[in-house]
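Residues 16 to 531, numbered by the numbering used here, are exactly what the sequence shown covers, in order.
From the three backbone atoms N, C-alpha and C, an ideal C-beta is built for every residue, glycine too.
Reviewing the structure listed below.
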Amino acid sequence: TIKYIKFKDNKMDKNKIIIFDTTLRDGEQSPGASMNTEEKIQIALQLERLGVDVMEAGFAAASPGDFDAINQIAKQVESIKVASLSRALERDIKAAADAIAPAKNRRIHTFIATSPIHMEHKLKMKPDEVIKRAVEAVQYAKSFVDDVEFSCEDAGRSDISFLKEICDAVVNAGAKTLNLPDTVGFRLPYEIADMVRIMSEYIGDRAIISVHNHNDLGLAVANTLASIKAGARQVECTINGLGERAGNAALEEIVMAIKTRSDEFSGLYTDIVTKEIYATSRLVASITGIEPQPNKAIVGKNAFAHESGIHQDGMLKCAQTYEIIKAEDIGAEKNALVLGKHSGRHAFKDKLVNLGFDLNDEEVNEAFSKFKLLCDKKKEIFDDDIRALVSDEIIKIPEIYTIETLSTSSCNSGHSSAAISIKFNGEIISDAALGNGTADAIFKVIDRISKVAGELKDYKVSAVSQGKDALAKVTVKVAFGPSEPPFIGHGLDIDTMMASAKAYVSALNSYLSMKK
Ligand code: KIV
Ligand code: ZN
């Protein structure tokens with residue numbers, strides 16, 4: 016079955032809402048959310064399981080790293096259309112075309128700003144020049160791919176007559192999707208709906224109208240839902256609502272609103288496998304280190320927690336009294352106690368399948384060994400522990416340095432110290448250092464051993480599941496040199512300091528493997 020845009024006799028399926036996921040592009044523009052290629056591939060494969068229609072894998076011209084990540088994703092995903100963003104410039108479009116070339120289904124997404132404020136102050140171009148540039152960009156993109164999307168950046172603050180004019184011109188040049196972003200998240204739902212309605216009626220069947228709403232006023236999802244009612248048939252969104260500044264419209268909220276309120280969105284549907292929503296949200300949170308707020312709709316930790324006695328009583332009598340969505344619908348069954356030290360490989364493998372992981376035998380074996388080690392340290396193993404273990408396992412950072420042993424001592428009135436043994440090129444190197452706090456001492460001794468000085472930009476610790484013996488997940492962001500971009504590292508361990516050391520070494524290994 017074709018899973019991307021469905022055309023029937025050259026007419027689009029009017030009830031299908033195309034889900035265009037931009038977690039790997041706009042989502043990565045969230046402060047602190049940069050990801051390495053391996054991490055992006057894991058997210059891309061999970062987005063494929065989730066069933067998105069189009070995945071914007073990045074902005075190919077932005078950096079060689081972005082290009083490489085898009086290119087690797089294009090080689091690995093099977094059913095999803097892979098898109099790259101590009102400004103309306105030949106060099107950007109060429110980079111986008113080259114990066115997505117290996118994909119079975121490809122799209123180039125090109126854009127230029129159309130609002131008076133952007134055209135005058137940013138582009139310093141007259142409206143006629145903007146139209147000319149847009150048309151040339153679409154024509155050039157069409158020389159590489161059939162499927163070209165054009166975005167009117169800052170459409171939310173553009174004149175509707177100009178939007179009509181430029182959209183007419185790019186559709187004649189071959190654009191199949193017209194995206195109308197509310198780039199600065201300024202509009203209210205009824206205003207966005209008016210814009211979408213006018214443009215949908217004007218464009219008719221000539222192209223699909225898409226929206227891309229930012230959340231600066233907390234209205235991204237509301238604006239997206241209003242746009243669907245007004246005729247938009249593609250929505251651009253991100254997992255957990257990640258994105259530039261206050262973020263983009265959250266995929267999970269849009270999808271569950273359409274599903275839950277099928278009375279309002281009658282006949283409209285998405286192809287999202289909703290049972291994969293929770294796993295996708297967890298993967299993105301774990302890779303970026305950005306946890307959704309606890310009260311975040313659909314995927315927040317408290318989204319299905321009923322605290323008050325009255326609510327609990329109602330739930331016991333009839334779940335629908337206080338529940339409009341079931342945790343199972345998004346694959347977030349209660350964080351049940353799952354397996355213990357007596358569980359065998361078979362039960363473990365079953366659990367992985369149940370949680371949506373598709374691992375080969377070698378990966379299952381490695382994850383199983385880690386699970387057994389964890390069972391010795393932790394009494395109760397929860398679904399989230401298994402998810403964290405496996406995500407840690409499948410993101411393969413080359414192991415240039417590996418920690419063998421760590422011992423620390425801290426003193427609340429003075430310096431703390433750390434002694435570490437690290438394996439490098441088959442040799443064990445040991446050293447010790449003092450620091451302002453234990454984590455600082457650990458990072459200093461790793462710097463000394465590797466002879467690479469890192470500057471810690473961010474450090475986050477979270478508990479993976481519940482209990483005093485919960486696994487600690489540490490995420491660090493480290494810059495190894497003043498002109499170097501920061502690298503993210505993750506560490507998972509029952510001991511927070513060991514998790515910190517692993518996270519720092521993993522950032523170091525990512526950096527060193529990029530330098531090779
Ligand atoms: O917000 C925006 O306008 C964008 C476009 C480049 C699509 O992200
Ligand atoms: Zn955007």
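**Request:** If I'm right that VAL185 touches ALA149 with Cβ under 8 Å, what's the distance once you round it to whole angstroms?
**Result:** 5 Å
**C-beta contact flag for ILE108 and PHE159 at 9 Å** = yes
**Asked** Hey, LEU367 and ILE401: beta-carbon distance below 9 Å or not?
**Response** yes
**Request:** Evaluate ILE32 with the Cβ neighbour count: other Cβ atoms within 10 Å of its Cβ, from every protein chain shown; 16 or more gives buried, anything less gives exposed.
**Result:** buried
**Request:** Could you please give the first and the last residue of the uninterrupted alpha helix (DSSP H) stretch that includes ASP473?
**Result:** First-last for ASP473: 470-478, but that is the beta strand (DSSP E), not the alpha helix (DSSP H).
**Message:** Considering only their Cβ atoms, is the gap separating SER465 from ASN51 smaller than 9 Å?
**Reply:** ASN51 is not a Cβ neighbour of SER465, given a cutoff of 9 Å.
**Reference ILE56, options GLN44, GLU71 and GLY47, closest by Cα** = GLU71
**Message:** Considering only DSSP beta bridges, list what GLN249 is partnered with.
**Reply:** ILE33 and SER225
**Item:** Complete alpha helix (DSSP H) runs within the stretch 154-237 (minimum length 4 residues, chain order)
**Value:** 175-187 and 204-218
**Item:** Under 9 Å between C-beta atoms of ILE123 and VAL163
**Value:** yes
**Request:** Please work out which residues of its chain come closer than 6 Å, Cβ to Cβ, to ALA294, disregarding the five sequence neighbours upstream and downstream, and give them in chain order.
**Result:** GLY346 and GLY371
**Item:** CB-CB length for ARG463 against ASP446, believed under 8 Å
**Value:** 5 Å
**Through-space distance from THR511 to ILE20, alpha-carbon basis** = Its pLDDT being 44, under 50, ILE20 is placed unreliably in this model, and the coordinates cannot settle the point.
**Asked** Could you give the residue range of the beta strand (DSSP E) that holds ALA103?
**Response** ALA103 -> no beta strand (DSSP E), and no H or E assigned at all.
**Assigned exposure category for GLU268 - 16 Cβ within 10 Å defines buried** = With 16 or more Cβ atoms within 10 Å of its Cβ, GLU268 is classed as buried.
**Prompt:** Does the distance from the C-beta atom of GLY504 to that of MET513 stay below 9 Å?
**Reply:** Cβ atoms of GLY504 and MET513: not closer than 9 Å.
**Item:** Given SER94 as reference, the closest of LEU60, PHE319 and SER78 once Cα atoms are compared
**Value:** Considering only LEU60, PHE319 and SER78, the residue with the shortest C-alpha distance to SER94 is LEU60.
**Asked** Cα separation between PHE74 and LYS356?
**Response** 45 Å
**Message:** Using DSSP's beta-bridge definition, name the partner residues of ILE396.
**Reply:** LEU354
**Asked** Cβ of HIS229 versus every heavy atom of the ligand ZN: is any distance shorter than 8 Å?
**Response** yes
**Asked** Shortest alpha-carbon distance to ALA118 belongs to which of GLU144, LYS90 and THR125?
**Response** LYS90
**Asked** Do THR275 and ILE213 come within 9 Å of each other at the CB atom, strictly closer than that value?
**Response** no
**Prompt:** Taking the alpha-carbon positions, what's the ALA188 to HIS227 distance?
**Reply:** 22 Å
**Message:** Here's the rule I'm using: 16 or more other beta-carbon atoms within 10 Å means buried, otherwise exposed. How should THR16 be labelled?
**Reply:** For THR16, the predicted model reports a pLDDT of 32, less than 50, meaning its position is unreliable; a value from the coordinates is still stated below. Label assigned to THR16: exposed.
**Message:** Just verifying my parser: in three-state terms, what is the DSSP assignment at ILE401?
**Reply:** helix
**Request:** Count the other CB atoms, across all protein chains shown, that sit within 10 Å of the CB of TYR519; report buried if there are 16 or more and exposed otherwise.
**Result:** buried
**Asked** What does DSSP give as the partner residues of SER436 in its beta bridges?
**Response** The partner list for SER436 (beta bridge, DSSP) reads THR420 and SER445.
**Item:** For GLY246 and SER215, believed in contact at Cβ under 8 Å, the rounded distance
**Value:** The distance from the Cβ of SER215 to that of GLY246 is about 3 Å, consistent with a contact at the 8 Å cut-off.
**Span of the alpha helix (DSSP H), counted from its first residue to its last, around LEU257** = Per DSSP, LEU257 belongs to no alpha helix (DSSP H) and is neither H nor E.
**Prompt:** Under the criterion of a Cβ to heavy atom distance below 8 Å, does LEU100 qualify as lining the ligand KIV?
**Reply:** yes
**Asked** Measuring from the CB of GLY258, is there a heavy atom of the ligand ZN at a distance below 8 Å?
**Response** In this structure, the C-beta of GLY258 approaches the ligand ZN to less than 8 Å from one of its heavy atoms.
**Message:** For a test of your reading of the model: does the CB of HIS124 fall under 8 Å from any non-hydrogen atom of the ligand KIV? Yes or no.
**Reply:** At least one heavy atom of the ligand KIV lies closer than 8 Å to the C-beta of HIS124.
**Asked** Based on Cα-Cα distance, which residue from GLY482, VAL145, LYS459 and GLN481 lies nearest to ALA516?
**Response** LYS459
**Prompt:** If you follow the alpha helix (DSSP H) that ILE127 is part of, which residue opens it and which one closes it?
**Reply:** Careful: ILE127 lies outside any alpha helix (DSSP H), inside the beta strand (DSSP E) at 121-128.
**Prompt:** ILE503 lies in the alpha helix (DSSP H); which residues open and close that run?
**Reply:** No alpha helix (DSSP H) contains ILE503, which is instead part of the beta strand (DSSP E) from 502-508.
**Message:** If distances are taken between C-alpha atoms only, which option among SER528, ASP286, ASP278 and LYS472 comes closest to GLN249?
**Reply:** ASP286
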